[in-house]
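Protein chains: 2
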Amino acid sequence: MNTHISLLGCGLMGAPMARRLLAAGYPLTVWNRTRFKAEALAEAGARVADTPAEAVARADIVITMLEHGGVVQTVLFDGPDAAVHGLRAGTLVIDMSSILPEQAQAHATRLAEADATALDAPVSGGTLGAEAGTLAIMAGGDEAAFARARPVLEAMGRPVHVGPAGSGQLAKLTNQMIVGITIGAVAEALLLAERGGADPAKVREALRGGFADSRILEVHGQRMVEGDFAKRGSMAIQLKDLNNALHAGAQLGFEGPITRLLATLYQQGVDHGLAELDQSALFKELQARQHTGEA
Amino acid sequence: MNTHISLLGCGLMGAPMARRLLAAGYPLTVWNRTRFKAEALAEAGARVADTPAEAVARADIVITMLEHGGVVQTVLFDGPDAAVHGLRAGTLVIDMSSILPEQAQAHATRLAEADATALDAPVSGGTLGAEAGTLAIMAGGDEAAFARARPVLEAMGRPVHVGPAGSGQLAKLTNQMIVGITIGAVAEALLLAERGGADPAKVREALRGGFADSRILEVHGQRMVEGDFAKRGSMAIQLKDLNNALHAGAQLGFEGPITRLLATLYQQGVDHGLAELDQSALFKELQARQHTGEA
């Protein structure tokens with residue numbers, strides 16, 4: 001267990017992941033653009049670095065957990081402080097951020113040129129999954145890279161190797177497709193129940209345990225029933241995810257009529273001012289149609 | 001536990017439900033149109049009746065588990081052997097078949113005229129849920145009727161009272177909406193994964209435990225990955241369920257664009273010869289579009 005790990009990005013997801021790695025006994029160096037978030041981990045045993053390049057200098061494995069593909073590119077490659085300038089030969093770089101598959105493939109190519117190995121390994125499960133170490137982890141890259149990453153990933157969740165470089169990001173897009181569509185399914189179901197005079201909260205409860213059961217019915221269905229659309233995810237991000245899936249799909253000759261319809265519906269919700277509400281607010285967008293009869 | 005129960009309909013679902021009731025210690029009389037299916041339950045302790053009217057003569061609670069609303073109407077009301085002619089005053093009739101909400105409401109009215117009480121209580125969970133006694137049970141009717149039914153229903157699964165007469169059937173339609181749409185979500189996700197070079201079986205496995213997880217991903221996702229579309233449910237029944245939801249919705253001023261799209265997609269699958277395959281064969285219908293580019 002003397003694998004040295006460097007974690008770049010200590011935000012809502014990165015911080016609890018860092019705590020899991022420390023709890024598992026890994027020596028850990030952390031870096032964050034706003035330094036105080038990294039410093040909060042010092043107490044738990046992390047070393048805090050000033051730059052990405054410094055953070056990765058002693059690392060066997062580098063983990064990035066950043067906001068989007070542009071930030072990952074900047075932190076890894078752009079400018080004199082970028083991680084690539086500090087990497088030792090043979091370092092494994094695991095990007096657990098959610099970025100486009102084509103970006104992940106480009107990063108893998110550039111890392112190979114720097115004598116490093118890449119694995120894309122985005123997650124699903126949110127901050128609760130990160131804290132509990134139960135994240136679903138979708139990994140793309142070489143079999144050998146996955147084998148090397150596996151024990152480290154298992155400190156944070158349940159990793160599965162789904163295919164070559166970029167496949168982890170592709171799997172994450174499919175995750176977001178299912179999430180976005182299932183939210184629509186639950187919303188329409190609860191709206192029909194409500195219009196027919198049934199109690200939507202009771203219907204949700206009744207459906208748990210049958211074939212309609214899902215994490216979305218459990219978590220987002222509860223938000224719909226309570227009318228609690230405070231932002232955890234957001235309509236804007238759900239829309240971006242669906243558009244990214246359609247974008248990746250278009251390059252592959254993929255035709256997804258359901259994904260396309262849902263992108264349209266989330267777009268309409270965003271247009272109607274719901275962008276910064278939780279994505280379960282698709283319920284509100286669909287509810288508004290019940291009165292106008294808009295098709 | 002001396003509540004006498006009569007069960008009308010001993011098919012794929014009714015038979016294991018009868019066994020759960022017998023195991024719970026209820027005196028049980030059974031009837032089935034094709035008598036040998038009822039006789040199979042005699043060994044487990046059931047009395048076998050010749051007609052619905054005879055079956056219900058000593059019952060405190062009558063349970064119907066039949067193929068559709070027309071059959072329920074026939075067994076309860078049509079002809080001299082119909083159950084209504086044997087019912088004692090005050091009998092509780094629980095229809096656990098899946099029928100239209102408006103049919104359930106009409107049956108409740110006719111049963112009230114015969115001094116009986118009605119509860120509509122359709123289920124989700126399939127034959128496995130019936131055997132294990134873990135069915136999701138959605139109950140519509142009076143609070144008092146539900147309270148009286150609850151211990152009996154608990155021998156078969158997890159009952160929830162969702163609203164007035166017809167609400168149980170409405171909840172079942174919402175269950176089928178979520179099932180039908182989520183199958184579409186999982187199908188599109190696995191198809192995109194496949195086209196992008198990821199392993200769909202591994203992607204399904206990776207997504208378990210994240211926010212995309214559902215009974216459908218577990219059960220029907222597995223069928224898609226294995227290409228095993230042998231009939232359990234069927235495309236034809238899924239289409240009928242979605243059309244019934246849209247029919248019930250139309251009467252309530254409900255607008256469900258996602259349900260509408262899925263009805264169109266299952267219809268196209270049926271038109272393309274997939275009617276008698278499992279409803280997870282929507283995967284095949286969507287897969288075929290990837291090659292033709294059909295919109």
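Chains as they are written, first to last, in UniProt numbering: chain A, 1 to 295; chain B, 1 to 295. By construction, the Cβ of each residue, glycine as well, lies at the ideal position given by its N, Cα and C atoms.
Verify whether the separation of the beta carbon atoms of residue i and residue j is less than 7 Å.
{"i": "A108 (chain B)", "j": "A165 (chain B)", "result": "yes"}
{"i": "L282 (chain A)", "j": "I216 (chain A)", "result": "no"}
{"i": "T29 (chain A)", "j": "A49 (chain A)", "result": "yes"}
{"i": "R20 (chain A)", "j": "M156 (chain A)", "result": "yes"}
{"i": "M235 (chain B)", "j": "S280 (chain B)", "result": "no"}
{"i": "T51 (chain B)", "j": "D78 (chain B)", "result": "no"}
{"i": "P16 (chain A)", "j": "E131 (chain A)", "result": "yes"}
{"i": "D278 (chain A)", "j": "R232 (chain A)", "result": "yes"}
{"i": "L92 (chain B)", "j": "V84 (chain B)", "result": "no"}
{"i": "L119 (chain B)", "j": "A139 (chain B)", "result": "yes"}
{"i": "V72 (chain A)", "j": "K202 (chain B)", "result": "no"}
{"i": "G69 (chain B)", "j": "Q103 (chain B)", "result": "yes"}
{"i": "S214 (chain B)", "j": "S124 (chain A)", "result": "no"}
Between the Cα of residue i and those of the options, spot the shortest distance and give me the residue it belongs to.
{"i": "V62 (chain B)", "options": "B:A121, B:L170, B:V219, B:M235", "result": "B:A121"}
{"i": "A248 (chain A)", "options": "A:L170, A:F211, A:D228, A:L282", "result": "A:L170"}
{"i": "L22 (chain B)", "options": "B:K37, B:L41, B:F36", "result": "B:L41"}
{"i": "V56 (chain B)", "options": "B:N32, B:D228, B:A132", "result": "B:N32"}
{"i": "G9 (chain B)", "options": "B:E43, B:G90, B:I94, B:A187", "result": "B:I94"}
{"i": "V270 (chain B)", "options": "B:I258, B:R260, B:A106, B:E285", "result": "B:E285"}
{"i": "A59 (chain A)", "options": "A:I99, A:V152, A:V123, A:E67", "result": "A:V152"}
{"i": "residue 347 (chain B)", "options": "B:L66, B:E154, B:S98", "result": "Because chain B spans 1 through 295 in this model, residue 347 (chain B) falls outside it and cannot be assessed."}
Determine the direct distance from the alpha carbon of residue j to that of residue i, and round the result to whole angstroms.
{"i": "G293 (chain B)", "j": "Q287 (chain A)", "result": "Only weak support exists for where G293 (chain B) lies, its pLDDT of 46 falling under 50; the coordinates are left without a value."}
{"i": "T3 (chain B)", "j": "R88 (chain B)", "result": "13 Å"}
{"i": "M96 (chain A)", "j": "A206 (chain B)", "result": "14 Å"}
{"i": "R289 (chain B)", "j": "T264 (chain B)", "result": "14 Å"}
{"i": "M13 (chain B)", "j": "G126 (chain B)", "result": "7 Å"}
{"i": "V160 (chain B)", "j": "G129 (chain B)", "result": "16 Å"}
{"i": "A38 (chain B)", "j": "A53 (chain B)", "result": "15 Å"}
{"i": "residue 303 (chain B)", "j": "L192 (chain B)", "result": "There is no way to answer for residue 303 (chain B), as the model of chain B reaches only from 1 to 295."}
{"i": "F229 (chain A)", "j": "T117 (chain B)", "result": "40 Å"}
{"i": "L135 (chain A)", "j": "R208 (chain B)", "result": "10 Å"}
{"i": "P101 (chain B)", "j": "A189 (chain B)", "result": "33 Å"}
{"i": "G25 (chain B)", "j": "P200 (chain B)", "result": "46 Å"}
{"i": "G11 (chain A)", "j": "Q268 (chain A)", "result": "30 Å"}
{"i": "A185 (chain A)", "j": "G90 (chain B)", "result": "39 Å"}
{"i": "G133 (chain B)", "j": "F211 (chain A)", "result": "15 Å"}
{"i": "A114 (chain B)", "j": "E255 (chain A)", "result": "55 Å"}
{"i": "E226 (chain B)", "j": "E218 (chain B)", "result": "12 Å"}
{"i": "A295 (chain B)", "j": "Q238 (chain B)", "result": "Bear in mind that the predicted position of A295 (chain B) carries a pLDDT of just 42, short of 50, making it unreliable; the figure below should be weighed with that in mind. Roughly 22 Å separates the two Cα atoms."}
{"i": "T174 (chain A)", "j": "E276 (chain A)", "result": "22 Å"}
{"i": "R35 (chain A)", "j": "G273 (chain A)", "result": "34 Å"}
{"i": "R260 (chain B)", "j": "G45 (chain B)", "result": "46 Å"}
{"i": "residue 296 (chain B)", "j": "I5 (chain A)", "result": "It is not possible to answer for residue 296 (chain B), since the shown part of chain B is limited to 1 through 295."}
{"i": "I258 (chain B)", "j": "G141 (chain B)", "result": "29 Å"}
{"i": "A187 (chain B)", "j": "A187 (chain A)", "result": "20 Å"}
{"i": "R158 (chain A)", "j": "R150 (chain A)", "result": "9 Å"}
{"i": "Y266 (chain A)", "j": "E154 (chain A)", "result": "34 Å"}
{"i": "L7 (chain B)", "j": "A18 (chain B)", "result": "7 Å"}
{"i": "E67 (chain B)", "j": "L66 (chain A)", "result": "54 Å"}
Can you name the residues of chain A whose CB is closer than 8 Å to the CB of residue i?
{"i": "I258 (chain B)", "result": "I181, G184, A185, E188, I258, L261, L262, L265"}
Report the neighbours of residue i on chain A: residues whose CB is nearer than 9 Å to its CB, in chain order.
{"i": "H161 (chain B)", "result": "D199, K202, A206"}
In chain B, which residues lie less than 7 Å from residue i when you measure between Cβ atoms?
{"i": "P101 (chain A)", "result": "G196"}
{"i": "T109 (chain A)", "result": "Neighbours of T109 (chain A) on chain B: none; closest Cβ ~16 Å, over 7 Å."}
{"i": "L22 (chain A)", "result": "Neighbours of L22 (chain A) on chain B: none; closest Cβ ~23 Å, over 7 Å."}
{"i": "G249 (chain A)", "result": "L192"}
Cβ closer than 8 Å: which chain B residues qualify as neighbours of residue i?
{"i": "R215 (chain A)", "result": "G210, F211, A212, D213, S214"}
{"i": "G269 (chain A)", "result": "Residues of chain B passing the Cβ test: none, with the nearest at roughly 13 Å."}
In chain B, what lies closer than 9 Å to residue i by C-beta?
{"i": "G125 (chain A)", "result": "G209, G210, F211"}
{"i": "P16 (chain A)", "result": "In chain order: nothing, as chain B lies at least about 16 Å away."}
Can you pull the chain A residues whose beta carbon is under 7 Å from the beta carbon of residue i, in chain order?
{"i": "R158 (chain B)", "result": "G209"}
{"i": "residue 367 (chain B)", "result": "Nothing can be reported for residue 367 (chain B), as the shown portion of chain B is limited to 1 through 295."}
Check whether the Cβ of residue i lies closer than 6 Å to any heavy atom of the ligand NAP, and answer yes or no.
{"i": "V72 (chain B)", "result": "Ligands displayed in this structure: none; no statement on the ligand NAP is therefore possible."}
| task | Say whether the stretch 174-186 of chain B touches the stretch 238-248 of chain A, bearing in mind that this needs 3 or more beta-carbon pairs closer than 8 Å, one atom from each stretch. | result | Inter-segment contact for the stretch 174-186 of chain B and the stretch 238-248 of chain A is absent: fewer than three beta-carbon pairs are separated by less than 8 Å.
| Any 3 or more C-beta pairs closer than 8 Å across the stretch 189-208 of chain A and the stretch 246-260 of chain B | Judged by pairs of C-beta atoms under 8 Å, the stretch 189-208 of chain A touches the stretch 246-260 of chain B, as three or more such pairs exist.
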